[in-house]
Amino acid sequence: MSAVKKTTVDLAKIINNLKLSGETQSKLLQFKKRSDDAKILHMKVQEKANSKIDFNAYRSLLAGSSNRKIVDELESYLSNFKPKENLASLKENLDNLEKFKAEALESAKLTEKAVGEKLLLLRNTIANIETAIPIEEIQTHNVYKADPDFELWVMRLIENGSIGRIPGYEQKFKNLDPLS
1 MSAVKKTTVD LAKIINNLKL SGETQSKLLQ FKKRSDDAKI LHMKVQEKAN SKIDFNAYRS
61 LLAGSSNRKI VDELESYLSN FKPKENLASL KENLDNLEKF KAEALESAKL TEKAVGEKLL
121 LLRNTIANIE TAIPIEEIQT HNVYKADPDF ELWVMRLIEN GSIGRIPGYE QKFKNLDPLS
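Using full-length UniProt numbering, the first residue of the sequence shown is number 1, and each one after it goes up by one.
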């Protein structure tokens, strides 16, 4: 059996640090559960494999040379036993790992694309904020240029006589109507 380097991966920490959610998080948690189940099963098999059979105790219990020969044969068989590797099961597991890896890479690419698009939007928003005219310096033509429908809205308010009813308008601006 080849030597395998053991490393520990804290998936919960990875999920929290990368702020993963949705399908990526569920796939990682499913993988962690399968890994934990495999570790438990491996430990159980190791415990069984490490338990030694006391053949001398059986020899002492059995009377007669023929029974003792059977115990000797069993001891010899057990000491020479080498399990065969189940290559079909190993190939199936490797195929499943490759499939999981491909799905994880695809999901990661989609997540990377979505995060990239959000970063681009955020960068554009920051650039707009940095290059924006301060609120104190905004003039009417700036507002009309930014929103052509704004002028129509103001005209409707003036026609209806409701411009003075905008909360805080008269406190902020003086009434310029010469008739009032």
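Beta carbons: idealized from backbone N, C-alpha and C, even for Gly. Just so it is clear, the structure is predicted and the values come from calculations on it, not from any experiment.
If you look at residue 84, you'll find it isn't in any alpha helix (DSSP H); DSSP assigns it neither H nor E. Residue environment for residue 74: exposed (fewer than 16 other C-beta atoms within 10 angstroms of its C-beta). Pairing residue 25 with residue 15 gives a Cβ-Cβ distance under 7 Å. Separation of residue 36 and residue 44 (C-alpha to C-alpha, rounded to the nearest whole angstrom) is 13 Å. For residue 10, the three-state secondary structure derived from DSSP is coil. Boundaries of the alpha helix (DSSP H) harbouring residue 55: 55–61, taken from the DSSP string. Residue 148 sits in a helix when the DSSP states are folded into three classes.
With fewer than 16 other CB atoms across the displayed protein chains lying within 10 angstroms of its CB, residue 78 is exposed. A straight-line Cα-Cα distance of about 14 Å links residue 23 and residue 11.
Membership of residue 171 in the alpha helix (DSSP H) is indicated by the continuous run 169–172.
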